[in-house]
Structures are given as structure tokens and as C-alpha cells.
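Heads up: the structure comes next, in C-alpha cells.
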Amino acid sequence: MRVPLPLGAATAAIVLSACGAPQARQDGAGTAGRTFEAALAAGDFRAACGLLAPGSRERLEEDEKKPCEETPPSQEPPRGGAVRSVDVYGRQALLRFRDETLFLSQFDDGWRVTAAGCVPEPGDEPYRRVLKGA
Numbered sequence: 001m002r003v004p005l006p007l008g009a010a011t012a013a014i015v016l017s018a019c020g021a022p023q024a025r026q027d028g029a030g031t032a033g034r035t036f037e038a039a040l041a042a043g044d045f046r047a048a049c050g051l052l053a054p055g056s057r058e059r060l061e062e063d064e065k066k067p068c069e070e071t072p073p074s075q076e077p078p079r080g081g082a083v084r085s086v087d088v089y090g091r092q093a094l095l096r097f098r099d100e101t102l103f104l105s106q107f108d109d110g111w112r113v114t115a116a117g118c119v120p121e122p123g124d125e126p127y128r129r130v131l132k133g134a
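Just so we're aligned: 27 in full-length UniProt numbering is position 27 of the sequence shown, and the numbers increase by one with no gaps anywhere.
What follows is the structure, encoded as C-alpha cells:
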């Protein structure tokens, strides 16, 4: 059976674009996470706050009793160091640095940090987080 050329070309385009989608999501999450880390390291809290997910930003402002842009979290997140891996699961991602893990979610306008300063607890316990999402 022969597949008409336009149908075959359309099928190939869909398959090829689907193959590239995970890498694009990994790149997007990785860029957002590294930009967030760089903003914190530079003391640019306005830029860092702009990369927080809405619920995480609200929780930080409630916890600190100040607008996000005015202050870092009372417990400073560990500096991440070198990126070890970026794992994307649908619209969620984990960006693992040498010294911490960031959790991110993909929103309509891009990737946002939902939790930061996350370090694994021993055993089967969840991560200990400095900046918690809602």
C-alpha cells in the first residue's frame, strides 16, 4: 500500500516534532532554573520572584510578611553549584544541582520555580525545602 506524499510528509513531521518536544521542555526548565539561581546569587530578588510560580510567590510573601521583591527567604537556599540533571515529567520538572534540587512547573508563559533549596532527607523521607510551593 502506498501512502500519498502529503499524508506521509505530515506524519513524518508529527513524529519528528514529538521526538523534539522533551528536549525543548528540558532546555526550558533548565534555563529557568539556572536563571533563578543566578538571580539569587546576584541578589536580584525582583528577577528571582518573577521566576516563581504564583502559589510559591504568595506563600513566600505570607511567610516573610513582605513583598517578594524586597527580601530573600529568611532561610537562604543553598547555592546549587553545577547542574547534574534535568528531569521533565509532563509539565513538571526537577533540576538537580550539585547541592540542591529545584522543582518547576510549566505555565502558559514558561517554566516557574515551585520549590527551591530542596535537599533530600535520609531514607524514604521527602525533600527538606527552604522555599515551599503552595
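Glycine included, C-beta positions come from ideal geometry on N, C-alpha and C.
Quantities reported herein were computed from a predicted structural model and do not represent experimental measurements.
- For G81, no alpha helix (DSSP H) encloses it, and the DSSP letter there is neither H nor E.
- C-alpha of L95 to C-alpha of A29: approximately 7 Å in a straight line.
- With a beta-carbon spacing of about 11 Å, K132 and R57 fall beyond the 8 Å limit used to define contacts.
- Cβ contact annotation for Q106 (same chain, cutoff 6 Å, sequence separation greater than five): R91, in chain order.
- The residue from R25, D99 and G55 with its alpha-carbon nearest to that of R128 is D99.
- Straight-line spacing of the CA atoms in P120 and A47 works out to 26 Å.
- Beyond the five residues adjoining it in sequence on each side, V88 comes within less than 7 Å, by CB distance, of P22, R25, Q26 and A29 in the same chain, given in chain order.
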